[in-house]
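Residue numbers (the numbering used here), protein chains in the order written: chain V, 44 to 451; chain L, 44 to 451.
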């Protein structure tokens, strides 16, 4: 438990110098090879097309169900704009709000079987929730020791210093339940902050975490942006669908509406005992209080997406995504093979990964190469994000190209 | 300069316990008197109407030019949705983006005579810019001592602990140029963080600040959200229009597109030497890098708003707002009388301010009462935010109601 000691001075939580030195090397190399800075329009069949006429499928897109181009969702946005005649009548929603936002929150609450508050993005939701979690306002005014998973997304880590000004903040090894249980034994109140599903593949061990919650009263904050819509009967996501019955007062789930859900915005799910949570967030939840709410187009798109999530169309798309994941997993090896999620990190040697990315792009597929220095040299690879709305033949062709390149 | 000493331990920058105790007393009282939690739709003539049928004008709305309901802006949103058929094809814009976002940034760059990058909100822009400013990445890798104005908006203060993990962070008395010059004498590199125009009235002494910049090389970060569109030949705002020629490499201006501009989103202005700024922000600017860009509806609305800003219609609205400000200032005293900005804090005794707010609301005007404990007892009052798009007779009626209530 050596990590429990707090280092003094600056850089307890972050160091831009180091992060930018590492990141710039990565991005320069990516840009030099033409795999960033791409400008393209959507064409038919889910393809993108550059102004030079290059057509390709984006397999680094988080719209796993291809709802982003669903005509019903776009029409929902247009309908709301025509009905309300405004993008945002700018005033804090604590004071005055239009009924549409409440209508959406009611729809999402019933869809996800939780109390739901919206935000303009998952990261705005995070900015609102984490500081209040740190100061103990979601746990009866008892400040928890906060534990961030080492692999928690940047959008959560940004608020480590903010939380660290309200309470003690620790970083745990990734998915390390032994570490976490040690912290729970040592401190009376603990809040764990993690992704439900990780953007580089993998997921939180939700059953083990709920067991720790049950045993020690540990609070859990999940960002489940990468699994909303693709899992659960109504698209409530991996974490929510793993919790039977109501959410308890020790669990908050944040998720974006920009990825598989298919619209724009973010949502915060909490349990029925959480009326205070709603009030706290609306009054003191940073961007949730003083910044704009979701704009009317995003509200309209999200309402239309809610209709789709409440219809048989959702399961058809989920099944199609599942079939594509299975097709891919049956052909291409990855650490995530068989885990049921669409993000697959296909290993490639550090000196080969960029050429592989270029080869795929030339052959009509965009996937993100990840390599040293953003990951250790032996963990380089291509991040493939599977989608429902493409032809099976394209999944097979993508798999074959990866195999041909010796990546498997 | 006693404040230069850094206090040890927690609560160097924030204390939710204190802030929430104070804020809740304020909000409970506001809610009890029916001046928060209002749900209403926009009706004709800029009025709002509750489901119970109460009609009123919102004079706490930041849409100072009434562009929020401009049919051309709403049509711009709809046109973009029809053209692109997507709200957001979810992938980091560093990798792939649609041309519409670049088109908007080019339009805003020429309109505001600056390099412009967009964000989903001004607060997302702030989250992206401030940590990089703290680590010296906008000032040749020399870390500045950061000075936040005491009255800087919450959306900036949220990032004090984040900046405080990268460099030394101080808080200056409001608009105190002597304090600031002392800091400039003491430290080689200083970055000052302030609002261009403050949400509770008043503004930054831009000429004095530019003088300090000239003399000491001080970096200045302005959030000028409350004056974009209402000032400047093309609506570039109070700060930008106060700076002749190009922005230099020591100035960044952030502003929302949600207020007078009339759409949804945020923008960051910087100078022509700042190509590195754009790259840094897109790669390492937090939400600007990993979160969603403005959605297509917001982009379309903002493009249409740019057309309006580039037409004679802008000046007509600006002039109308100016006339309403003058009409009000000629009748009602406030600290901001004659300053040319639309936000006026009309004093009222702490025990009278709520009744005044209720009386106005019953008579068809919503204004925000501000009172102890969010301001000292002797600084209570009504925050009136004037607008261009209402009848002059309504400005006169509002003024008369304030005078009748003995507020002047």
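For every residue, glycine included, the Cβ atom is placed at its ideal position computed from N, Cα and C.
> With DSSP run on the structure shown, which of helix, strand or coil describes residue 195 of chain L?
Replying inline: As a working mapping, residue 195 of chain L is identified with position 152 in the second chain. Three-state DSSP puts residue 195 of chain L in coil, outside helix and strand.
>> With a threshold of 7 Å on Cβ separation, who are the neighbours of residue 179 of chain L within its own chain once the five nearest residues in sequence on each side are excluded?
In response: Taking the first residue of the second chain as position 1, residue 179 of chain L is located at position 136. Excluding residues within five positions, the ones whose Cβ falls inside 7 Å are 185, 186 and 187.
>> Please classify residue 221 of chain V as buried or exposed, where buried requires at least 16 neighbouring CB atoms within 10 angstroms.
In response: Reading the first chain from its first residue, position 178 is the one you call residue 221 of chain V. That one is exposed.
>> So, at 8 Å on beta carbons, what are the nonlocal neighbours of residue 68 of chain V in its own chain, with the 5 sequence-adjacent residues on each side left out?
In response: As a first step, residue 68 of chain V must be located in the first chain, where it is residue number 25. Contacts found: 416.
> Mind pulling the chain V residues with CB within less than 7 Å of residue 133 of chain L?
Replying inline: One-based indexing of the second chain puts residue 133 of chain L at position 90. Those within 7 Å of residue 133 of chain L in chain V are 104, 105, 106, 111, 301 and 302.
> Within the 7 Å Cβ cut-off, does residue 401 of chain L reach chain V?
Replying inline: Residue 401 of chain L sits at position 358 when you count from the first residue of the second chain. Judged by the 7 Å Cβ criterion, residue 401 of chain L is not in contact with chain V.
>> Using a 10 Å radius around the Cβ and a threshold of 16 neighbouring Cβ atoms, would you call residue 192 of chain V buried or exposed?
In response: Here the question's residue 192 of chain V lines up with position 149 in the first chain. So residue 192 of chain V counts as buried.
> What do you reckon, are the CB atoms on residue 348 of chain V and residue 304 of chain V nearer than 7 Å?
Replying inline: Along the first chain, one-based indexing puts residue 348 of chain V at 305. Along the first chain, one-based indexing puts residue 304 of chain V at 261. It is a contact, given that the beta carbons lie within the stated cut-off.
> Quick one: which chain V residues come within Cβ less than 9 Å of residue 232 of chain L?
Replying inline: Here the question's residue 232 of chain L lines up with position 189 in the second chain. What residue 232 of chain L touches in chain V: nothing, since even the nearest Cβ is about 15 Å away.
>> Between the alpha carbons of residue 433 of chain V and residue 88 of chain V, how many angstroms are there, rounded?
In response: Start at 1 with the first residue of the first chain, and residue 433 of chain V comes out as number 390. Start at 1 with the first residue of the first chain, and residue 88 of chain V comes out as number 45. Looking at the two C-alpha atoms, the distance is approximately 7 Å.
>> I'd like the span of the alpha helix (DSSP H) that includes residue 221 of chain V, first residue to last.
In response: Along the first chain, read from residue 1 onward, the residue named residue 221 of chain V stands at position 178. Note, residue 221 of chain V: alpha helix (DSSP H), 220–229.
> Enumerated in chain order, which unbroken segments of the beta strand (DSSP E) with a length of 3 residues or greater are wholly contained in the stretch 154–179 of chain V?
Replying inline: List check, beta strand (DSSP E) in window: 158–162.
>> If contacts are defined as beta-carbon pairs under 8 Å, then residue 330 of chain L and residue 170 of chain L qualify, I think. What distance do you get, rounded to the angstrom?
In response: The residue you call residue 330 of chain L lines up with position 287 of the second chain. The residue you call residue 170 of chain L lines up with position 127 of the second chain. Right, their Cβ atoms sit about 5 Å apart.
> Mind pulling the beta strand (DSSP E) runs of 3 or more residues that sit fully within the stretch 248–319 of chain V?
Replying inline: 262–266, 294–299 and 309–313
> Who are the neighbours of residue 204 of chain V on chain L, taking C-beta pairs under 8 Å?
Replying inline: Position 161 of the first chain holds residue 204 of chain V. Those are 204, 205, 207 and 208, listed as they occur along chain L.
> residue 338 of chain L versus chain V: which residues are under 9 Å apart at the beta carbon?
Replying inline: The sequence position of residue 338 of chain L within the second chain is 295, counting from 1. Close partners of residue 338 of chain L in chain V (Cβ separation under 9 Å): 120, 301, 306, 307, 308, 338, 340, 341 and 344.
> List, in order along the chain, the chain V residues whose C-beta lies closer than 7 Å to that of residue 81 of chain L?
Replying inline: Numbered from its first residue, the second chain carries residue 81 of chain L at position 38. What residue 81 of chain L touches in chain V: 138 and 139.
>> Is there a C-beta anywhere in chain L that falls below 7 Å from the one on residue 426 of chain V?
In response: Along the first chain, one-based indexing puts residue 426 of chain V at 383. Chain L contact via Cβ: absent.
> Mind checking whether residue 328 of chain L and residue 289 of chain L have CB atoms under 7 Å apart?
Replying inline: Counting from 1 along the second chain, the entry for residue 328 of chain L is found at position 285. Counting from 1 along the second chain, the entry for residue 289 of chain L is found at position 246. In this structure, residue 289 of chain L does not lie closer than 7 Å to residue 328 of chain L by Cβ.
> Where does residue 202 of chain V fall in DSSP's three states?
Replying inline: Counting from one through the first chain, the residue named residue 202 of chain V turns up at place 159. Three-state DSSP puts residue 202 of chain V in coil, outside helix and strand.
>> At a CB distance below 9 Å, what residues from the stretch 154–181 of chain V approach chain L? Give them in sequence order.
In response: Result list: 163, 164, 165, 166, 167, 170, 174, 175, 177, 178, 179 and 180.
> Which residues in the same chain as residue 233 of chain V place their Cβ atom closer than 6 Å to its Cβ, once the five residues preceding and following it in sequence are excluded?
Replying inline: Indexing the first chain from 1 puts residue 233 of chain V at position 190. Only 187, 188, 226, 227 and 261 meet the Cβ criterion.
> Distance, Cα to Cα, residue 196 of chain L vs residue 382 of chain V?
Replying inline: On the second chain, residue 196 of chain L is found 153 positions in, with the first residue counted as 1. On the first chain, residue 382 of chain V is found 339 positions in, with the first residue counted as 1. Cα-Cα distance, rounded: 45 Å.
> Along chain V, in chain order, which residues have C-beta atoms closer than 8 Å to that of residue 101 of chain L?
Replying inline: Working through the second chain from its first residue, we reach residue 101 of chain L at position 58. Per Cβ cutoff of 8 Å: 132, 134 and 139.
> What's the gap between the Cα of residue 409 of chain L and the Cα of residue 389 of chain L?
Replying inline: Locating residue 409 of chain L in the second chain gives position 366, counting from the first residue. Locating residue 389 of chain L in the second chain gives position 346, counting from the first residue. So the two alpha carbons sit approximately 14 Å from each other.
> Within 7 Å (strictly less), CB to CB, does residue 59 of chain V reach chain L?
Replying inline: Locating residue 59 of chain V in the first chain gives position 16, where the first residue counts as 1. Interface residue, yes.
> Which residues bound the alpha helix (DSSP H) around residue 364 of chain V?
Replying inline: Counting from 1 along the first chain, the entry for residue 364 of chain V is found at position 321. The continuous alpha helix (DSSP H) containing residue 364 of chain V extends over residues 355–374.
>> By the three-class DSSP mapping on this structure, what secondary structure does residue 97 of chain L have?
In response: Locating residue 97 of chain L in the second chain gives position 54, where the first residue counts as 1. Residue 97 of chain L: coil per DSSP, three-state reduction.
> If you check the beta carbons only, do residue 244 of chain L and residue 386 of chain L fall under 7 Å apart?
Replying inline: Within the second chain, residue 244 of chain L is the residue found at index 201, counting from 1. Within the second chain, residue 386 of chain L is the residue found at index 343, counting from 1. Contact flag set, yes.
> Terminal residues of the continuous alpha helix (DSSP H) containing residue 130 of chain V?
Replying inline: By 1-based counting over the first chain, the position of residue 130 of chain V is 87. That residue, residue 130 of chain V, is in no alpha helix (DSSP H); it is neither H nor E in DSSP.
>> Any beta carbon from chain L within less than 7 Å of residue 408 of chain V's own beta carbon?
In response: Residue 408 of chain V sits at position 365 when you count from the first residue of the first chain. Output row for residue 408 of chain V: interface = no.
>> Taking 7 Å as the limit between beta carbons, can you name the residues of its chain near residue 437 of chain V, skipping five residues before and five after?
In response: The residue you call residue 437 of chain V lines up with position 394 of the first chain. Contacts found: 100.
> For residue 234 of chain L, which beta-bridge partners are listed by DSSP?
Replying inline: Start at 1 with the first residue of the second chain, and residue 234 of chain L comes out as number 191. In the DSSP output, where bridge partners are listed per residue, residue 234 of chain L has L:189 and L:262.
>> I need the DSSP call for residue 387 of chain L, collapsed to helix, strand or coil.
In response: Your numbering for residue 387 of chain L matches position 344 in the second chain. Note: residue 387 of chain L maps to strand in three-state DSSP.
> If you measure beta-carbon to beta-carbon, which residues of the stretch 257–277 of chain V are closer than 8 Å to chain L?
Replying inline: Residues are counted here when their Cβ sits less than 8 Å from a Cβ of chain L; for the stretch 257–277 of chain V the count is zero.
> Among the residues of its own chain, which have a CB less than 6 Å from the CB of residue 106 of chain V, if the five just before and after it don't count?
Replying inline: As a first step, residue 106 of chain V must be located in the first chain, where it is residue number 63. Correct list: empty, nothing qualifies.
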